[in-house]
Amino acid sequence: MDMRKRKAIVEAALESEYERQALGIMNTEQALELEDADGLVFSHPDKEAGVTDHFVDQDQLRRLVRRSKSPHPVLQSRGRTARSS
Numbered sequence: 000m001d002m003r004k005r006k007a008i009v010e011a012a013l014e015s016e017y018e019r020q021a022l023g024i025m026n027t028e029q030a031l032e033l034e035d036a037d038g039l040v041f042s043h044p045d046k047e048a049g050v051t052d053h054f055v056d057q058d059q060l061r062r063l064v065r066r067s068k069s070p071h072p073v074l075q076s077r078g079r080t081a082r083s084s
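In this text, residue positions in the sequence shown follow numbering that gives the first Met the number 0: the first is 0, and each later residue adds one.
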């Protein structure tokens, strides 16, 4: 799940008071590397990019990606330890 969320495909868009203008499709790593800009939003990584109306800002996206990453390194390292012993 960690790799899926980190590499999840999202739609980047500029959102104003009146409309949301699509900018492009990218993975979450690329989205988080973009400079912060007013109105820059991304489709929720659990939803289908280009189809969903559920958008989050860059800070929310960062939290979603971190949340999905945090438990996995511990689980992976335990799994490796168990296999090697």
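Even glycine gets a Cβ: it sits at the ideal position worked out from N, Cα and C.
State the beta-bridge partners of Leu39 as determined by DSSP.
Leu13
Cβ neighbours of Leu22 in the same chain (closer than 7 angstroms, five flanking residues each side left out):
Ala11, Ala12 and Leu13
Within the same chain, show all residues whose beta-carbon is closer than 7 angstroms to that of Ser15, passing over the 5 residues directly before and after it, in chain order.
Gly38
Once you ignore the five residues that flank Leu74 on each side, which residues in its own chain have a CB closer than 7 angstroms to its CB?
Only weak support exists for where Leu74 lies, its pLDDT of 44 falling under 50; the value from the coordinates is given anyway. Cβ neighbours of Leu74 beyond the five flanking positions: none.
Leu31 lies in the alpha helix (DSSP H); which residues open and close that run?
Thr27 to Glu32
Mind checking Val50: buried by the 16 CB within 10 Å criterion, or exposed?
exposed
Nearest residue (CA-CA) to Leu63, options Asp52, Asp45 and His53:
Asp45
Indicate whether Lys6 and Glu28 have their beta-carbon atoms separated by less than 8 angstroms.
yes
According to the neighbour-count rule (16 or more other Cβ atoms, all chains shown, within 10 Å of its Cβ), is Ala30 buried or exposed?
buried
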